[in-house]
Amino acid sequence: MKFKLATAVVAICLAVVGWGLWDLYHPFVGFTGREIVEISPGTGAPAIADLLIAKGVLAHKWPFLACYEYGRSRHRLKAGEYLFDRAARPIDVYRRLIRGDVFLHPVVIPEGSDRFDIARILAARMGINPEDFLSRTEQTSLIHNLDPLDPTLEGYLFPDTYRFPRGVTADKVITTMVARFRHVLQTRFHDEMLADAGNLHNVVTLASLVQRETPDPAELPVVAGVFTRRLEKGMLLECDPTVLYAARLDHRDIPVIHASDLKFDSPFNTYRRAGLPPGPIANPGESALRAAFHPASGDELYFVSNNHGGHYFAKTLAEHQRNVARYRQEMAARSQQSAATPP
2 MKFKLATAVV AICLAVVGWG LWDLYHPFVG FTGREIVEIS PGTGAPAIAD LLIAKGVLAH
62 KWPFLACYEY GRSRHRLKAG EYLFDRAARP IDVYRRLIRG DVFLHPVVIP EGSDRFDIAR
122 ILAARMGINP EDFLSRTEQT SLIHNLDPLD PTLEGYLFPD TYRFPRGVTA DKVITTMVAR
182 FRHVLQTRFH DEMLADAGNL HNVVTLASLV QRETPDPAEL PVVAGVFTRR LEKGMLLECD
242 PTVLYAARLD HRDIPVIHAS DLKFDSPFNT YRRAGLPPGP IANPGESALR AAFHPASGDE
302 LYFVSNNHGG HYFAKTLAEH QRNVARYRQE MAARSQQSAA TPP
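Going by our numbering, the sequence shown opens with residue 2, and the numbers climb by one from there.
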C-alpha cells in the first residue's frame with residue numbers, strides 16, 4: 002500500500018514538474034496589439050507574477066515563480082517598463098526581467114535645437130524637470146578637455162534620435178548626448194581634429210550659427226563661407242539667431258525680432274558685438290559641423306531669406322539691399338494674400 006502511495010506521489014510530482022516545464026517553454030499571449038507592463042521598484046516576485054497574468058503576459062504564475070526561486074540567489078527581477086508585443090515563453094519573460102531588458106522610449110532631438118528646446122522635449126517625452134536639465138548643462142566638466150572656453154554644454158549635446166528608459170536622469174541623458182558628440186567628432190572629423198584641434202570652440206560656435214540660419218543642407222557651407230569672410234574683414238556677423246538666443250538667455254522668447262531686440266546688450270548679440278559669440282547658440286548636426294570645418298569659398302558677404310526655405314546671397318551691399326527689398330515685397334504680398342483669403 003505504501004509503495005503504491007509513494008508511486009502515486011512520485012507520479013503526481015513528475016506530472017506537476019512536467020506541466021511546469023511545458024508551461025515555461027510554451028508561448029502564451031493573452032492580449033491584443035502591444036502591452037507595456039510597468040514594474041515599480043521594490044515589487045515582490047509574487048506581485049510581479051500577478052501583474053503579468055493580469056496583463057495577459059503569463060497564463061500561470063507558479064512555473065514563473067518556481068523559476069525565480071531557483072535562481073533568486075544569483076538573479077533579481079528588475080524594475081522598469083517592459084514591452085510585450087507577441088506571444089512569449091514564460092522562461093523568456095523571466096530572462097528579460099532579470100536582464101532588465103526594459104522598453105526604451107525614442108527621443109528625437111532635431112538639429113539646431115538649443116538647451117532650452119531639449120529641456121522642453123525631455124520634459125514632454127521623459128518627464129525630466131526642465132530646470133534640472135538646464136542647470137546641469139551649465140556644468141562643463143564633461144567637455145573641459147574638448148572646449149574649456151564654452152560657458153555651458155551648448156553645442157556639444159549632439160542632435161540625434163536617442164532611446165531612454167522611463168525614469169532616466171538628466172545626468173544620464175547629458176552624458177549620452179556628449180558621448181555621441183565625441184563619437185561623431187572622432188569618427189567623422191578625425192583628420193580635421195588632427196589639423197586644428199585647438200580651434201574646436203570656434204568651429205562648433207560657427208556651426209551653431211550656420212545650423213540656425215538655414216534648413217537647406219546645400220546652403221550650410223555657403224553660409225559658413227559668408228560668416229568666415231565677414232569675420233576676416235572685421236564685419237559684424239549680424240546673425241538673427243544670436244539675437245533670439247540672447248533674448249532666450251534673458252528669459253524672453255521672442256517670435257519676431259524688433260529694432261529694440263537688435264540693440265539688446267548681450268555678448269551673444271552679433272548686431273552689437275564683433276566676432277563670434279562667446280559660445281554656441283545651438284547644437285549643430287554633422288553637416289553643419291562639416292560646413293564650419295570647410296566653409297565654401299567665394300565672395301558673398303550678405304544673405305537674406307528668399308521666402309522659400311533658402312536665401313539670396315550677395316557680394317555687395319547694394320546687391321544685398323535689392324535682395325532685402327525683394328524679400329520685403331514678397332512678404333507684403335503674402336500678407337495681403339493671407340488677409341484676402343477667407344478663413
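For every residue, glycine included, the Cβ atom is placed at its ideal position computed from N, Cα and C.
Quiz item: Taking C-alpha atoms, which residue in Ala171, Ile122, Gly128, Met127 lies nearest to Gln140?
Solution: Residue numbering aside, residue 140 sits at position 139 when the sequence shown is read from its first letter. Comparing Cα positions, the closest option is Ala171.
Self-check item: Supposed contact pair Tyr303 and Asp115 - C-beta distance, whole angstroms, cut 8 Å
Solution: By 1-based counting over the sequence shown, the position of residue 115 is 114. By 1-based counting over the sequence shown, the position of residue 303 is 302. Wrong, their Cβ atoms sit about 25 Å apart, outside the cutoff.
Quiz item: What residue does the beta strand (DSSP E) around Phe85 start on, and which one ends it?
Solution: Here residue 85 refers to the residue found at position 84 when the sequence shown is read from its first residue. First-last of the beta strand (DSSP E) with Phe85: 81-85.
Quiz item: Assuming Ser306 and Gly226 make a contact with CB atoms under 8 Å, what is their CB distance in whole Å?
Solution: Within the sequence shown, residue 306 is the residue found at index 305, counting from 1. Within the sequence shown, residue 226 is the residue found at index 225, counting from 1. Contact doesn't hold; Cβ gap of about 18 Å is too wide.
Quiz item: What is the residue span of the beta strand (DSSP E) that Thr162 lies within?
Solution: By one-based count along the sequence shown, residue 162 stands at place 161. Unbroken beta strand (DSSP E) run through Thr162: 162-166.
Quiz item: Where does Glu214 sit, in a helix, a strand or coil, going by DSSP?
Solution: On the sequence shown, position 213 is the one that residue 214 refers to. The answer is helix: DSSP assigns Glu214 an H, G or I state.
Self-check item: Inter-residue Cα distance where the pair is Arg121 and Ser74
Solution: Taking the first residue of the sequence shown as position 1, residue 121 is located at position 120. Taking the first residue of the sequence shown as position 1, residue 74 is located at position 73. Their Cα atoms are separated by approximately 43 Å.
Quiz prompt | 9 Å Cβ cutoff met for Thr162 and Pro107 | solution = Position 161 of the sequence shown, counting from 1, holds the residue named residue 162. Position 106 of the sequence shown, counting from 1, holds the residue named residue 107. For Thr162 and Pro107, yes; Cβs fall inside 9 Å.
Quiz item: Shortest alpha-carbon distance to His259 belongs to which of His252, Arg274, Asp241, Thr271?
Solution: Stepping through the sequence shown from its first residue, residue 259 is reached at position 258. Ranking the options by Cα distance to His259, first place goes to Asp241.
Quiz item: Where Lys56 and Pro296 are concerned, what is the direct C-alpha to C-alpha distance, given to the nearest angstrom?
Solution: Here residue 56 refers to the residue found at position 55 of the sequence shown. Here residue 296 refers to the residue found at position 295 of the sequence shown. If I take the Cα positions, the gap works out to 56 Å.
Quiz item: Where does Ala289 land, buried or exposed, given buried means 16+ other C-beta within 10 angstroms?
Solution: For the purposes of this step, residue 289 is taken as residue 288 along the sequence shown, with counting starting at 1. Only buried fits Ala289, as 16 or more other CB atoms lie within 10 angstroms of its CB.
Quiz prompt | For Ile37 and Ala88, the rounded distance between their alpha carbons | solution = Your numbering for residue 88 matches position 87 in the sequence shown. Your numbering for residue 37 matches position 36 in the sequence shown. Distance between Ala88 and Ile37, taken at the CA atoms: about 14 Å.
Quiz item: Considering Leu277, what are the terminal residues of the beta strand (DSSP E) in which it resides?
Solution: As a first step, residue 277 is located in the sequence shown; it is residue number 276 there, counting from the start. Element bounds for Leu277: n/a, residue is neither H nor E.
Self-check item: Cβ-based burial, Arg137 [other Cβ within 10 Å; buried from 16]
Solution: Taking the first residue of the sequence shown as position 1, residue 137 is located at position 136. Note on Arg137: 16 or more other CB atoms within 10 angstroms of its CB, so buried under the neighbour-count rule.
Practice problem: Could you spell out where the beta strand (DSSP E) holding Glu36 opens and where it closes? | Solution: In the sequence shown, the residue the question calls residue 36 occupies position 35. Its beta strand (DSSP E) spans residues 36-40.
Exercise. Drop a sphere of 10 angstroms on the beta-carbon of Pro28, count the other beta-carbons inside from all chains shown, and report buried for 16 or more, exposed for fewer.
Key: By 1-based counting over the sequence shown, the position of residue 28 is 27. It is exposed - the Cβ of Pro28 has fewer than 16 other Cβ atoms within 10 Å.
Quiz item: Measuring CA to CA, which of Phe104, Ala80, Gly168, Phe190 is closest to Glu287?
Solution: Position 286 of the sequence shown, counting from 1, holds the residue named residue 287. With distances taken between Cα atoms, Glu287 lies closest to Phe190.
Quiz prompt | Terminal residues of the alpha helix (DSSP H) in which Pro64 lies | solution = Along the sequence shown, read from residue 1 onward, the residue named residue 64 stands at position 63. For Pro64, the enclosing alpha helix (DSSP H) begins and ends at 63-72.
Quiz item: Comparing alpha-carbon positions, which option in Ala80, Gly31, Ala50 lies nearest Gly43?
Solution: As a position in the sequence shown, residue 43 is number 42, starting the count at 1. Cα-wise, what sits closest to Gly43 is Ala80.
Exercise. Determine the direct distance from the alpha carbon of Phe294 to that of Leu232, and round the result to whole angstroms.
Key: For the purposes of this step, residue 232 is identified with residue 231 of the sequence shown, where counting begins at 1. For the purposes of this step, residue 294 is identified with residue 293 of the sequence shown, where counting begins at 1. When rounded, the separation of the alpha-carbon atoms in Leu232 and Phe294 is 15 Å.
Quiz item: What are the start and end residues of the beta strand (DSSP E) that includes Ser306?
Solution: Stepping through the sequence shown from its first residue, residue 306 is reached at position 305. Per DSSP, Ser306 belongs to the beta strand (DSSP E) from 303-306.
Practice problem: Would you give the residue range spanned by the beta strand (DSSP E) that Pro152 belongs to? | Solution: Within the sequence shown, numbered from 1, the residue matching residue 152 stands at position 151. Counting along the chain, Pro152 falls outside any beta strand (DSSP E), and DSSP gives it neither H nor E.
Self-check item: Range of the contiguous beta strand (DSSP E) that encloses His106
Solution: Numbered from 1 along the sequence shown, position 105 holds the residue referred to as residue 106. Segment 105-109, the beta strand (DSSP E) holding His106.
Self-check item: Leu250 versus Val94 - alpha carbon distance
Solution: Counted from its first residue, the sequence shown places residue 250 at position 249. Counted from its first residue, the sequence shown places residue 94 at position 93. Cα to Cα, Leu250 sits roughly 48 Å from Val94.
Quiz item: Between the beta-carbon of Ile110 and the beta-carbon of Leu158, is there less than 9 Å?
Solution: For this step, residue 110 is matched to residue 109 along the sequence shown. For this step, residue 158 is matched to residue 157 along the sequence shown. In this structure, Leu158 lies closer than 9 Å to Ile110 by Cβ.
Exercise. Report yes if the CB atom of Ala60 is closer than 9 Å to the CB atom of Gly31, and no otherwise.
Key: In the sequence shown, residue 60 corresponds to position 59, counting from 1. In the sequence shown, residue 31 corresponds to position 30, counting from 1. Result yes, Cβ atoms of Ala60 and Gly31 sit closer than 9 Å.
Self-check item: Identity of the residue in Gly168, Asp148, Ser209, Gln212 nearest Asp197 by Cα
Solution: As a position in the sequence shown, residue 197 is number 196, starting the count at 1. Taking only the C-alpha atoms, the option nearest Asp197 is Asp148.
Self-check item: Neighbourhood of Leu105 by C-beta, 7 Å cutoff - its chain only, sequence neighbours within 5 removed
Solution: Taking the sequence shown and counting its residues from 1, one reaches residue 105 at position 104. Residues of the same chain with a CB within less than 7 Å of the CB of Leu105, apart from the 5 flanking positions on each side, are Arg164, Phe165, Pro166 in chain order.
Quiz prompt | Where the beta strand (DSSP E) through Leu315 begins and ends | solution = Taking the sequence shown and counting its residues from 1, one reaches residue 315 at position 314. Before going on, a small fix: residue 315 reads as Ala here, not Leu. Counting along the chain, the beta strand (DSSP E) containing Ala315 begins and ends at 312-315.
Self-check item: Residue interval of the alpha helix (DSSP H) (run including Asp115)
Solution: Stepping through the sequence shown from its first residue, residue 115 is reached at position 114. From DSSP, Asp115 is part of no alpha helix (DSSP H); its letter is neither H nor E.
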